[in-house]
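So that you can map any letter, position 147 of the sequence shown is 160 in my numbering, and since no number is skipped, the others follow by simple counting.
From the three backbone atoms N, C-alpha and C, an ideal C-beta is built for every residue, glycine too.
Working notes, beginning with the structure itself.
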Amino acid sequence: MTIVWGIWYYAGIVKGVVLAGGLGTRLYPLTYTTNKHLLPIYDQPMIFYPIRTLVKAGIKSVMVVVSGPHSGQFIQILKNGKELGLEHLEYGYQENPMGGLADALKVAEDFADDESVTLILGDNTTDADVSKEIASFEKGSIMFLKKVSIRSVSEFRYSTGKKSRRLWASSKNQKNHHHNMYLPVYMFLIVDVLTSPKD
């Protein structure tokens, strides 16, 4: 199976944003008492994995965007981020936990401060090292392919559309007959995404 790392890259990225909002309703009753991203995965909280992915790539200034009733627990667990190798850690609160990715990105607009940022989802429990790929490209839109062995892929999104060069995200509940999945790590200039007539 091939995992597609979708990376929109601009040179000089030194800031990262981890999206850890939402209510985690699909994990009820586990998430009655804590945020999904703080649940243990093997020997550490889920949120540690995406943060360490950023640190491994040389990004040590991070904002964690949280929402919901258990937001304060992130401070108790992550503290100032020094134990994970961060030099600077901020927290942003998303008022609407169901607002989606774009709404969460608005929270990080001041943190980005007109600079390019790396966005990673808080439930990306990967240990992949993307630092070499990041250092190899200075501009443009690129896509990394990494072949990994995963026994079950039913909960991954996959790409379709052989005739075009576009990637399409499937419904997570749709029956999966494909083997090209993507695990999102995005890099972009945040203001370009946030300014639209609908805002």
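Figure out for me which residue from the options has the closest Cα to the Cα of residue i.
i, options, result
"T139", "E122, L132 and Y62", "Y62"
"T44", "S129, K92, D127 and S80", "S80"
"H83", "L134, P110, D142 and A70", "P110"
"L213", "S144, L118 and D123", "The structure shown has nothing for residue 213, since the chain only spans 14 to 212."
"L134", "S144, A125, L114 and F124", "L114"
Taking a contact to mean a Cβ-Cβ separation below 8 Å, would you say residue i touches residue j in this structure?
i, j, result
"T47", "Q86", "yes"
"D116", "K49", "no"
"D142", "K69", "yes"
Determine the burial state of residue i: buried for a count of at least 16 other Cβ atoms within 10 Å of its Cβ, exposed for fewer.
i, result
"Q57", "exposed"
"I54", "exposed"
"L40", "exposed"
"K185", "Any answer about K185 is weak, because its pLDDT of 49 lies below 50 and its placement is not dependable; what the coordinates show is given next. Exposed."
"K176", "Residue confidence for K176 is low, a pLDDT of 47 falling below 50, so the modelled location carries little weight; the figure read from the coordinates is stated next. Exposed is the call here."
"R179", "Low local confidence applies: a pLDDT of 46 at R179 is under 50, so the model's placement there is unreliable, with the coordinate-based value given in what follows. Looking at its Cβ environment, which holds fewer than 16 other Cβ atoms inside 10 Å, R179 is exposed."
Since I believe residue j is in contact with residue i (beta carbons under 8 Å), could you give me their beta-carbon distance rounded to a whole number of angstroms?
i, j, result
"V31", "I64", "6 Å"
"G34", "Q107", "5 Å"
"M59", "L51", "7 Å"
"G29", "V120", "Not quite, the Cβ-Cβ distance comes to about 14 Å (not below 8 Å), so this is no contact."
Do the region 101-112 and the region 71-87 meet, that is, are 3 or more Cβ pairs less than 8 Å apart? They touch, by the three-pair rule.
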